[in-house]
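First to last, the sequence lines map onto chains A and B.
For the first sequence, UniProt numbering gives the first residue as 1, with consecutive numbering after it.
For the second sequence, UniProt numbering gives the first residue as 1, with consecutive numbering after it.
We treat Cβ as the ideally placed atom computed from N, Cα and C, and that holds for glycine.
The structure presented is a predicted model; accordingly, all values stated were derived computationally and were not measured.
Below is one structure, written out as structure tokens; comments come after it.
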Amino acid sequence: MTASTLSGRDAYRHELAHLAAEDPALLCLEADLGGKGHPFQAAHPERFFNLGIAEGAMVDMATGLASAGYKPFVSTFAPFAALRAAESLKLTLGYLNAGVTVVAPYAGVSGAWFGTTHHCLEDLAVLRSIPGVTIAAPYGEAETRAVVRAAAASGRPHYIRTGRNAVYDSLPFDGELPGPVTWDHRGEPGATVLVSVGEEGTRLALEARERRPELGHAHLVYLDHAHLSLAAEELATTTGRLVVVEEHRAEGGAAEALALLLPGREVVGVNAGHAWPTQGGDHHEVMAQLGLDLPAVLAATL
Amino acid sequence: MTVAVDTPVDLAARAAEARRLVVDMAASPRGCHLGGSLSVLDVLIAALHRASLGDGTEVVLSKGHAAAGLYAALHVSGILPENPAPLYGQLGHPYTGHPGPKVPGVRFPTGSLGHGVPYAAGWAMARRLGGLPGLGIAVAGDGELQEGLVWETCQVAAAQRLGNFVLVVDRNGGQNDGMVADISPLPDLAARFAAFGFDTVEVDGHDLARLGEVFGADRTGAERPLAVIADTVKGKGVPAVEGKAGSHYVTIDAARAAKWKRLIR
């Protein structure tokens, strides 16, 4: 595993541009937030479309394009994709099962000082309630590239959630694509198992393990019901409590889902709770305002 | 250049037959959106006939609450083999109050207003990307124009120079709770579309010959999308309800349906 140099959202852009060289059906649609120097635009300008600040129209037009045989990838910030265009996602990704992939950076509070309008702590709840959507929250460049490749090859609806500019090294995984659970460390028998979700949940879990090496650590990349059901089967083979760390509200997140899938097991969530961050600060400072930091994770493992 | 179309007489006969089917659906246990189904029928008959030429033209009924009109138009156009009227709204059959892709001839789910417009624009974009002929035709209601998604798509379609995208407005003047003019008026509608960068045309939405000319026009090489403002009558063809806002959703008994059907010409 080579060291990462790209954030999740940049890894998406580069991987899709790479894949498009071999697959003429791949299209890249942006809603004015793709940034300058987009690698897909540079490599395939005839298949790159900045449709402007029109998220609903972008998702619905992607539906028309997919219906005609194309594989559109559409991207805008998570709050605008999952919330503003939620009805379009329901109809496109869910009801029509269209081969459209939505890539949503700025998930959680990675928008930090940009304020609450640019935060998204509700996207997993929205997308998880739409049947048939594959939901991924990759950690690091390699995992993000793998998830994008899988989405492009599948022709099925995907929602891929990333942060902003943070760069992390993915955990090693076997094969071309991470399975339902990537075990970083299985932990001592009976020890608490950290279950990490997404970029920041995984960062915190790794930091917690540095403090307490006896803990187990299971990383999840796919968060839809089908994948979480498989993950739950694997997690059920452990015996300790499960502490799920995720940059999302408790409602509709992975912890809530796992608690339902694992009745009788103690599942504790470390998440963003119910507050609305109203101050500035960097990403980690805003997370701390929500009680989502290393002390909170360590406290939950005791 | 125009593409060949049937004579208006042929299409008029189809439209009359479809109107009788819509009345049958109003006489179903569910009732139906009668007024808007009857107002949009001629537009649908003409647009579906244009699509039947086989060049890849797709017709999307964006005002999906007029599903009864769409099912009837699909049936009389030979696209939907079975008669949907006895099955409308019934368990085990796909003829729901707003259409979905389980119905032959329907590609997209509509009825949550606004979405059919970008679906058709996306279809037009795909045809253009592939260097293929064919139009993406969205049929919207005038009340539907209150949805921001419509104008969002108009902005995008003009910017992308989708000359093969056609947005038809079934301007019947009514909406669920009353008249469009009373709830959220649309003054200078043609000028609005023109300002967005559309070609515009205003037509009698019940003149099948004129509609055939409009839909048959060759838009190869066109760079401006086309807005067709079709002036129609809510409840068209059934004198008892023509022009009445109360025709929006109607449930009638079999005797009244039989009487109304005899009056349809």
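Residue i to residue j span [Cα, whole Å]
i             : j        : result
LEU230/A      : GLY35/A  : 37 angstroms
ARG164/A      : VAL103/A : 12 angstroms
THR153/B      : ALA57/A  : 5 angstroms
PRO81/B       : ARG47/A  : 38 angstroms
residue 303/A : GLY252/A : In the structure as shown, chain A starts at 1 and stops at 302, and residue 303/A therefore has no counterpart that could be examined.
SER184/B      : ASP177/B : 11 angstroms
ALA250/A      : VAL267/A : 12 angstroms
residue 304/A : GLU247/A : Outside the displayed span of chain A (1 to 302) sits residue 304/A, for which this structure offers no information.
TYR249/B      : GLY243/B : 13 angstroms
LEU149/B      : HIS115/B : 7 angstroms
VAL106/B      : TYR95/B  : 11 angstroms
PRO118/B      : ALA126/B : 12 angstroms
ILE45/B       : SER77/B  : 7 angstroms
GLU22/A       : LEU124/A : 31 angstroms
ARG14/B       : LEU121/A : 53 angstroms
ALA257/A      : LEU294/A : 23 angstroms
GLY245/A      : LEU29/A  : For the record, residue 245/A in the displayed sequence is Val; it is not Gly. Taking the straight line from one Cα to the other gives about 32 angstroms.
ALA255/B      : ALA27/B  : 9 angstroms
ALA51/B       : ALA217/B : 13 angstroms
ALA137/A      : ALA31/A  : 21 angstroms
LEU204/A      : VAL297/A : 7 angstroms
LEU194/A      : LEU91/A  : 35 angstroms
GLN175/B      : GLY89/B  : 22 angstroms
LEU145/B      : TYR95/A  : 24 angstroms
residue 272/B : LEU208/B : Lying before the first or after the last residue shown, residue 272/B is absent from chain B, which here runs from 1 to 265.
GLY190/A      : PRO213/A : 14 angstroms
GLY56/B       : ALA150/A : 31 angstroms
VAL43/B       : GLY212/B : 9 angstroms
VAL203/B      : ASP231/B : 6 angstroms
GLY31/B       : ALA72/B  : 14 angstroms
HIS49/B       : ALA222/B : 21 angstroms
ARG209/A      : GLY216/A : 8 angstroms
Residue i burial status per 10 Å Cβ neighbour count (16 or more: buried)
i        : result
TRP123/B : buried
LEU74/B  : buried
SER129/A : exposed
PRO109/B : buried
LEU302/A : exposed
TRP276/A : exposed
LYS63/B  : buried
PRO79/A  : buried
PRO225/B : buried
HIS283/A : buried
LYS102/B : exposed
GLN279/A : exposed
LEU260/A : exposed
LYS259/B : exposed
THR220/B : exposed
LEU290/A : buried
ARG13/A  : buried
SER154/A : exposed
ASP142/B : buried
LEU93/A  : buried
LEU263/B : exposed
GLY246/B : exposed
Contacts of residue i in chain D (Cβ-Cβ under 7 angstroms)
i        : result
GLY122/B : Of the chains in the structure shown, none is chain D; the protein chains are A and B.
>> Report the start-end ranges of each beta strand (DSSP E) in the stretch 129 to 209 of chain B that is 3 residues or longer and not cut off at the edges.
In response: Runs of the beta strand (DSSP E) inside the stretch 129 to 209 of chain B: 136 to 141, 165 to 171, 199 to 204.
> Taking only runs of the beta strand (DSSP E) that begin and end inside the stretch 192 to 274 of chain A, which ones reach a length of at least 3 residues, in chain order?
Replying inline: 193 to 197, 216 to 220, 242 to 245, 267 to 270
> Between the stretch 229 to 245 of chain B and the stretch 11 to 24 of chain B, are three or more C-beta pairs nearer than 8 angstroms?
Replying inline: yes
>> Residues of the stretch 200 to 225 of chain B in Cβ contact with chain A at a cutoff of 7 angstroms, in chain order, please.
In response: none
>> Could you check whether the stretch 231 to 238 of chain A touches the stretch 143 to 151 of chain A, counting it as contact only if at least three pairs of C-beta atoms, one from each stretch, sit closer than 8 angstroms?
In response: no
> Would the stretch 120 to 129 of chain A and the stretch 215 to 230 of chain A be scored as touching if the rule is three or more Cβ pairs under 8 angstroms?
Replying inline: yes
> Are the stretch 112 to 120 of chain A and the stretch 69 to 76 of chain A touching by the rule of at least three beta carbon pairs closer than 8 angstroms?
Replying inline: With the cut-off at 8 angstroms, the stretch 112 to 120 of chain A and the stretch 69 to 76 of chain A do not touch.
>> Tell me which residues of the stretch 51 to 70 of chain A have at least one Cβ-Cβ distance to chain B shorter than 9 angstroms, keeping chain order.
In response: LEU51, GLY52, ILE53, ALA54, GLU55, GLY56, ALA57, MET58, VAL59, ASP60, MET61, ALA62, THR63, GLY64, LEU65, ALA66, SER67, ALA68, GLY69, TYR70
> Can you list, in chain order, the residues of the stretch 88 to 120 of chain A whose Cβ is nearer than 8 angstroms to any Cβ on chain B?
Replying inline: SER88, LEU91, TYR95, LEU96
> Can you find at least 3 beta carbon pairs, one from the stretch 94 to 111 of chain A and one from the stretch 179 to 189 of chain A, that sit closer than 8 angstroms?
Replying inline: no
>> Which complete beta strand (DSSP E) runs does the stretch 118 to 189 of chain A hold, if anything under 3 residues is left out?
In response: The stretch 118 to 189 of chain A contains these whole beta strand (DSSP E) runs: 134 to 136, 158 to 161, 182 to 185.
> For the stretch 97 to 113 of chain B, which residues have a beta carbon sitting closer than 8 angstroms to at least one beta carbon of chain A?
Replying inline: GLY100, PRO101, ARG107, PHE108, PRO109, SER112
>> Along the stretch 138 to 157 of chain B, where does the CB come closer than 7 angstroms to a CB of chain A? Name the residues.
In response: LEU149, GLU152, THR153, GLN155, VAL156
>> Extract the residue ranges of the alpha helix (DSSP H) inside the stretch 11 to 88 of chain A, only unbroken runs of 4 or more that lie entirely within it.
In response: 39 to 43, 55 to 67
> Taking a cut of 8 angstroms between CB atoms, which residues from the stretch 186 to 201 of chain B lie near chain A?
Replying inline: none
>> Report the start-end ranges of each beta strand (DSSP E) in the stretch 54 to 90 of chain B that is 3 residues or longer and not cut off at the edges.
In response: 58 to 61
> For the stretch 2 to 42 of chain B, which segments carrying the alpha helix (DSSP H) assignment without a break, of at least 4 residues, lie completely within its bounds, in sequence order?
Replying inline: 8 to 26
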